[in-house]
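The next block holds one structure in the form of structure tokens; read it before the comments.
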Amino acid sequence: MTGPGSHEIRISDADRERVAERLNRAMAEGRISVDELQERLSVVYGARFGSDLVPVLSDLPGDPLNLSADVLATPVGPPTVLRGGVGGVKRRGDWVVPARLRVQTSLGAVLLDFCDARLPLPVVEIELELGAGSARLLVPENATADVDGLVSQYGSVRSKLPSRAVHGRPHFRVYGRTAAGSVSVRTRYTFAGRHF
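The opening position of the sequence shown corresponds to residue 3 in this note's numbering, with each subsequent residue numbered one higher.
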């Protein structure tokens, strides 16, 4: 038998249910409408192979073919809002990181150091709303970070970390807007016993 799925293993009912959960979560987050959910679910329940699911998941966070991707699940619930105004925002040391953060500043610099922080969940979602200030996000050595949703008008966005989530490693999803400041996502440097 030939065809698009001839070299693939057929998906299971459990796989379809996991994809349906991801779509329901996307609707609850406002990423897709109720009508889009219904259209996509009809495709999901008629799917035979993983490749059949790519069109319904390709514009949503996560790997469309990673059907067991609970590690990529988008955190739900209202974000914790950190407002800095001109003074900026700084979090470092031992702090508990919420699943979702929204950081708002007009001029001040932002420093979020996650290296010594407690990360209760595998995915942290960070929305940046920055004016002219820059932002540094320092993440643990084994972390991954997706910055594709971050738009900078006149500044820059830098990340040398892998963008794809990996099971068992913390993943940071960074999105939002910055007017003029630069944003860097990196691991922490240590020199002469000091971290920066």
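Built from N, CA and C at the ideal position, the CB exists for glycine as well.
All figures in this text were calculated on a predicted structure; none of them were measured in a lab.
- Task: Work out the CA separation of R188 and D80 for me, nearest whole Å.
- Result: The question names Asp, but residue 80 in the sequence shown is Pro. Approximately 26 Å between the Cα atoms of the pair.
- From A147 to L123, what does the alpha carbon distance come to, in whole angstroms? 14 Å
- Message: Just verifying my parser: in three-state terms, what is the DSSP assignment at E129?
- Response: strand
- Item | Beta carbon of R50 nearer than 8 Å to that of I13 | Taking 8 Å as the cut-off, the Cβ atoms of R50 and I13 count as close.
- In DSSP terms, what H169 is bridged to: H169 pairs with nothing; no bridge assigned.
- Task: Kindly give me the distance between the Cβ atoms of P164 and V141, rounded to whole angstroms, as I take these residues to be in contact under 8 Å.
- Result: Their Cβ separation, rounded to whole angstroms, is 11 Å, which puts P164 and V141 out of contact at 8 Å.
- Item | For F174 and A145, the rounded distance between their alpha carbons | Roughly 8 Å between the two C-alpha positions.
- Query: Residues bridged to F116 by DSSP?
  - Reply: In the DSSP output, where bridge partners are listed per residue, F116 has none listed.
- Item | Buried versus exposed, by CB contacts within 10 Å (16 or more), P63 | buried
- Task: Reducing DSSP to helix, strand and coil, say where V56 ends up.
- Result: The DSSP-derived three-state label of V56 is helix.
- Message: Assuming the contact rule is C-beta atoms closer than 8 Å, A134 and V112 should be a hit. Round their C-beta distance to whole Å, please.
- Response: About 12 Å; that fails the 8 Å criterion.
- Report the rounded CA-to-CA distance for V185 versus D15, giving the unit in angstroms. 42 Å
- Message: Using the three-state DSSP reduction, which class does L39 fall into: helix, strand or coil?
- Response: The answer is helix: DSSP assigns L39 an H, G or I state.
- Item | Three-state secondary structure (DSSP) of A147 | Secondary structure of A147 (DSSP, three-state): strand.
- Query: From K162 to L152, what does the alpha carbon distance come to, in whole angstroms?
  - Reply: 15 Å
- Task: May I ask which residues mark the beginning and end of the alpha helix (DSSP H) holding L25?
- Result: D15 to A30
- Item | Buried versus exposed call for G48 [16 or more other C-beta atoms within 10 Å across all chains shown] | exposed
- Extent of the continuous beta strand (DSSP E) to which K162 belongs: Run containing K162: none; DSSP gives neither H nor E here.
- Exposure of E23, with buried meaning 16 or more beta-carbon neighbours within 10 Å: exposed
- Task: Mind checking who A137 pairs with in its DSSP beta bridge?
- Result: V112 and V185
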